[in-house]
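Data block below; observations after.
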Amino acid sequence: MLSTLGCASGDPVTGAPAPLLDVEDLSISVRRGVPLVEGVSFSIGAGEAVAVVGESGCGKSLTSLAIMGLLPGNLQRNATGRILLEGEDLSAKSPREMQDVRGNRVAMIFQDPLTSLNPVMTIGAQIMEVLEAHRDIDRAAATARTIELLDLVRIPDPQERMHAYPHQLSGGMRQRVVIAMAMACEPQLIIADEPTTALDVTIQAQILNLLVELRRKSNLSLMLITHDLGVVCRVAERMIVMYAGSVVEAGEVSAILDGARHPYTAGLMAARPHGSFKRTGQRLVDIPGTVPPPTSRPKGCLFEPRCPRAQEKCRAVRPDLAADGAGHAFRCHFPIGQGEAHA
Amino acid sequence: MHSALELDDLRVHHATAAGPLKAVDGVTLSVAPGETVGLVGESGCGKSTLARCVVGLNTPTGGSVRLGGSEIAAGGRDRVAWARMVQMIFQDPMGSLNPRLTTRHTIELPLRVHGIGSKNERLERVLRLMEQVGLGPHLLDRYPHELSGGQRQRVSIARALALEPALLVCDEIVSALDVSVQAQVLNLLTDLQSKLGIAFLFISHDLSVVRYVSDRIAVMYLGRIVEEGDSESVWNHSRHPYTQALIASIPERARDEKAQRLQLSGDLPSPVNPPSGCSFRTRCPYARPLCAEVRPELKSDGLPHSVACHFVAEIPELAARPEYAEA
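In order, the protein sequences belong to chains S and A.
Per this note's numbering: the first sequence = residues 9 to 351.
Per this note's numbering: the second sequence = residues 3 to 329.
Next comes the structure, spelled out in structure tokens:
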């Protein structure tokens with residue numbers, strides 16, 4: 009249905025070179041008729057940063073877990089589609105082989121550093137564990153590399169700090185440790201799932217700068233999952249907007265933020281608090297209603313029940329993801345026109 | 003007319019093995035009837051402790067809390083009267099709603115506790131409250147787990163409104179919600195305020211949310227207010243280096259590159275052993291020896307609003323800071 013969005017030989021939508029990661033028509037369901045993720049396709053080029061944006065329950069985290077081969081068993085069995093890393097099909101790999109991919113070629117950073125770190129191991133030991141699992145490396149070399157990594161993520165005094173336990177570090181420092189672990193084996197792709205959501209805004213700024221800097225230094229690809237459009241433009245070049253398990257808009261970050269074509273994307277942008285109510289009396293443009301649960305998704309366009317532009321056709325026919333000439337794709341029968349002001 | 007809330011030199015010190023933890027250390031703040039005051043700050047700055055003192059969940063160790071002009075003694079017999087004057091809404095509605103009570107019973111409970119109305123009158127009132135917060139009557143007998151996040155937060159708001167308090171304390175009430183639902187709840191709050199004339203103490207870490215809803219903004223750092231004044235004045239003409247860093251840290255398209263140059267280094271110091279003098283000095287680019295010796299007080303000499311900084315006269319507005327202006 010949307011195989012036009014990326015294949016191993018290159019991406020016709022963006023014209024990018026053969027991608028590092030290619031997700032083709034990924035669907036994940038609990039059981040027949042209860043789809044959580046439907047026909048998601050996208051690709052990430054070498055050295056590229058792609059943001060996946062959407063609200064709770066849109067399937068952005070499930071998509072990343074599918075790439076990592078970390079879906080719960082019942083969902084894994086009902087997952088279809090292909091996930092290609094440098095042309096190799098990850099979905100065909102055994103759990104043993106996937107263990108080698110995880111941490112080594114693709115690494116993941118989760119939202120809450122306190123739950124992704126082991127509370128009873130020092131941070132140094134946790135980073136060395138990653139190195140020893142994937143590399144044939146002796147103690148001394150692993151220690152040296154650990155100090156180098158802590159220094160890379162700008163943890164002051166790494167020789168001392170590597171003996172600290174997670175509870176002895178602040179939230180920002182913990183997230184730096186998690187990033188150091190992800191960087192340990194120099195993966196090609198890092199998937200960061202809401203990496204700064206649990207952090208204070210001044211610490212978030214530090215961590216985002218660190219991610220941008222690490223990418224520049226090591227030609228890393230980044231898949232950044234977030235709900236915050238501000239974070240998107242700080243870090244990513246391309247973005248994918250997901251709603252109720254499917255991709256509704258994809259393209260260059262600047263193109264989408266300058267002129268969203270899908271009403272949901274436009275709604276997300278307009279709903280951000282801006283200005284002062286007390287000064288202007290202007291209400292925020294909210295999106296009425298809620299996301300349809302997977303058990304009762306509409307037959308037509310998924311966004312139709314909440315869409316201010318919905319028409320008869322939207323109720324009957326689910327639109328396909330179609331791209332304009334410039335690599336900007338959107339799933340809408342009546343997209344917001346170019347140049348048309350959206351609220 | 004009395005202020006809805008007056009805090010005078012409020013202090014909350016906890017004894018710890020390492021010395022006193024000064025969660026709130028001398029805060030003076032007032033909220034006028036029908037006004038929204040936004041309290042902004044990062045985790046650990048004491049904003050939630052302050053909120054809990056206002057509703058009587060924490061006992062201040064110094065200073066006073068006055069509601070509608072009358073002083074409230076913590077742990078006193080006027081706990082019931084207190085609840086009629088101020089109610090609180092929390093961040094996580096799933097954690098603050100009883101999972102075994104339906105919407106109807108949750109909203110009705112404050113009325114029953116206070117012995118208001120007959121059974122039928124209470125049901126009528128519950129339905130009216132639900133309508134006010136945008137909940138359909140079909141949700142009357144639903145349990146919290148059967149509601150969406152936004153609906154749950156509306157139930158919390160209806161429950162808080164049941165006793166018609168003059169002041170609502172909102173502690174991070176939209177932080178756990180998705181952007182589109184967050185906008186719905188913020189619109190609901192501003193609607194309710196213009197209809198009912200309630201005052202809000204609106205606490206959040208998100209400065210753009212606080213700016214949107216507030217008449218006035220107070221910025222907290224390590225238990226003290228460092229800048230306070232008219233919302234637009236604080237947002238557009240902030241003078242405290244901490245407020246400026248908070249604004250510059252908001253990831254936003256127009257400001258990306260510039261923001262990097264204004265980034266704060268380091269973390270919040272421990273409130274158990276806060277730096278001497280000005281507690282922000284360890285992260286402040288303008289810090290001088292005086293800052294370590296004397297704690298600056300909040301004052302507004304010749305400024306449109308109050309700032310607690312010794313060198314405020316030398317600190318340019320954010321837009322004029324050399325690090326921030328176009329390179």
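C-beta: ideal position from N, C-alpha, C; glycine also.
How is S/I36 classed by DSSP in three states: helix, strand or coil?
Strand, per DSSP.
Can you tell which of S/Q134, S/D120, S/G111 has the C-alpha that lies nearest to the C-alpha of S/H142?
When only C-alpha atoms are compared, the closest one is S/G111.
Looking only at its own chain, which residues have a Cβ that is under 7 Å from the Cβ of A/G152, when we skip the five neighbours before and after it?
Excluding residues within five positions, the ones whose Cβ falls inside 7 Å are L179, V183, Q186, V187.
In chain order, what residues of the same chain lie with their CB nearer than 7 Å to the CB of S/A244, ignoring the 5 residues before and after it?
Around S/A244: A57, V58, A59, L232, V261.
If the criterion is Cβ atoms closer than 8 Å, does the pair A/V67 and A/G48 meet it?
It is not a contact, given that the beta carbons lie outside the stated cut-off.
Assuming the contact rule is C-beta atoms closer than 8 Å, A/Q246 and A/E174 should be a hit. Round their C-beta distance to whole Å, please.
Between A/E174 and A/Q246 the Cβ distance is about 23 Å, and since that is not below 8 Å, they are no contact.
So for A/M3, helix, strand or coil by DSSP?
Note: A/M3 maps to coil in three-state DSSP.
At which residue ranges does the segment 80 to 121 of chain A contain complete beta strand (DSSP E) runs of 3 or more residues, listed in the order of the chain?
You should have 88 to 91.
Please list the segments of the beta strand (DSSP E) lying wholly inside the segment 137 to 183 of chain A, counting only runs of 3 or more residues, in order along the chain.
Correct list: 169 to 173.
Give the straight-line distance between the Cα atoms of A/M3 and A/L169, rounded to the nearest whole angstrom.
Using only the alpha carbons, I get a separation of about 14 Å.
Spell out a yes or no on whether the segment 18 to 25 of chain A and the segment 268 to 275 of chain A are touching, meaning 3 or more CB-CB pairs, one atom from each, closer than 8 Å.
They touch, by the three-pair rule.
Taking A/P134 as the reference, which of A/R144, A/S98, A/Q195, A/V212 has the closest Cα?
In the sequence as displayed, the identity of residue 134 of chain A is Gln instead of Pro. It is A/Q195.
Report yes or no: do three or more beta-carbon pairs, one from the segment 278 to 286 of chain S and one from the segment 197 to 214 of chain A, lie closer than 8 Å?
Yes: the two stretches touch, three or more of their Cβ pairs being nearer than 8 Å.
Please confirm whether A/L41 and A/I159 have their CB atoms less than 8 Å apart.
Not closer than 8 Å, so no.
Under the assumption that S/S229 contacts S/L28 (Cβ atoms under 8 Å), give the Cβ distance between them as a whole number of angstroms.
5 Å between Cβ atoms; contact.
Could you give the DSSP three-state label for A/A329: helix, strand or coil?
Residue placement at A/A329 cannot be trusted, given a pLDDT of 38 that sits under 50; what the coordinates show is reported in the next sentence. Coil, per DSSP.
I'd like to know whether the C-beta of S/D159 is nearer than 8 Å to at least one C-beta of chain A.
Answer no: the Cβ-Cβ gap between S/D159 and chain A never drops below 8 Å.
Among A/L9, A/R285, A/C172, A/T104, which has the Cα closest to the Cα of A/G201?
A small fix is needed here, since residue 201 of chain A is Ala in this sequence, not Gly. It is A/C172.
Quick check on S/R323: buried or exposed, where buried means 16 or more other Cβ atoms within 10 Å of its Cβ?
It counts as exposed.
Given that a residue counts as buried once 16 or more other Cβ atoms are within 10 Å of its Cβ, and exposed if not, what is A/M96?
With fewer than 16 other Cβ atoms within 10 Å, it is exposed.
Using a Cβ-Cβ cut-off of less than 8 Å, give me the residues of the segment 163 to 186 of chain A that come near chain S, in sequence order.
If the cut-off is 8 Å between Cβ atoms, the segment 163 to 186 of chain A has D180, V181, S182, V183, Q184, A185, Q186 near chain S.
Mind listing the chain S neighbours of A/R255? Cutoff is C-beta to C-beta under 8 Å, in chain order.
Going along chain S in sequence order, the residues near A/R255 (Cβ under 8 Å) are G238, C241, L265.
List in chain order: all unbroken alpha helix (DSSP H) runs of 4+ residues lying wholly within the segment 170 to 232 of chain S.
The qualifying runs are 179 to 191, 209 to 226.
Is S/V261 near the ligand COA, with its Cβ less than 7 Å from a heavy atom?
Looking at this structure, you won't find the ligand COA or any other ligand, since it has none at all.
Only counting the same chain, and skipping five residues up and downstream in sequence, which positions put a Cβ closer than 6 Å to that of A/L137?
Counting only Cβ-Cβ distances below 6 Å, and skipping sequence neighbours, we find R156.
With a Cβ-Cβ cutoff of 8 Å, do A/S45 and S/D208 count as a contact?
Yes; because the gap between Cβ atoms is below 8 Å, this pair is in contact.
Keeping to the same chain, check which residues put their C-beta closer than 8 Å to that of A/R290; ignore five residues upstream and five downstream.
Correct list, in chain order: H312, F313.
Please list, in chain order, the chain S residues whose beta carbon lies closer than 9 Å to that of A/V211.
Going along chain S in sequence order, the residues near A/V211 (Cβ under 9 Å) are P281.
How should S/Q214 be labelled, buried or exposed, when 16 other C-beta atoms within 10 angstroms of its C-beta is the threshold for buried?
Answer is buried; the Cβ neighbour count reaches 16.
Please list the terminal residues of the continuous beta strand (DSSP E) segment that includes S/E46.
Here the beta strand (DSSP E) through S/E46 covers 43 to 52.
Let me confirm a value: A/V115 is counted as buried when at least 16 other C-beta atoms fall within 10 Å, else exposed. Which label applies?
Answer is exposed; the Cβ neighbour count stays below 16.
Checking 8 Å against the spacing of the C-beta atoms, do S/V185 and S/P103 come in under that value?
No, they are not a contact pair.
Taking the alpha helix (DSSP H) that S/M250 falls in, what are its first and last residues?
Here S/M250 belongs to no alpha helix (DSSP H); instead the beta strand (DSSP E) covers 246 to 251.
Please name the residue in A/R218, A/S216, A/E166, A/A85 whose C-alpha comes closest to that of A/L198.
Residue A/E166 is the option with its Cα nearest to A/L198.
Tell me where the beta strand (DSSP E) around A/F204 begins and ends.
First-last of the beta strand (DSSP E) with A/F204: 201 to 206.
From the beta carbon of S/A351, is the nearest beta carbon of chain A less than 8 Å away?
Because the pLDDT of S/A351 is 42, which lies under 50, any placement of that residue in the model is unreliable, and the number read from its coordinates should be weighed accordingly. Taking Cβ atoms only, chain A never reaches closer than 8 Å to S/A351, which makes this a no.
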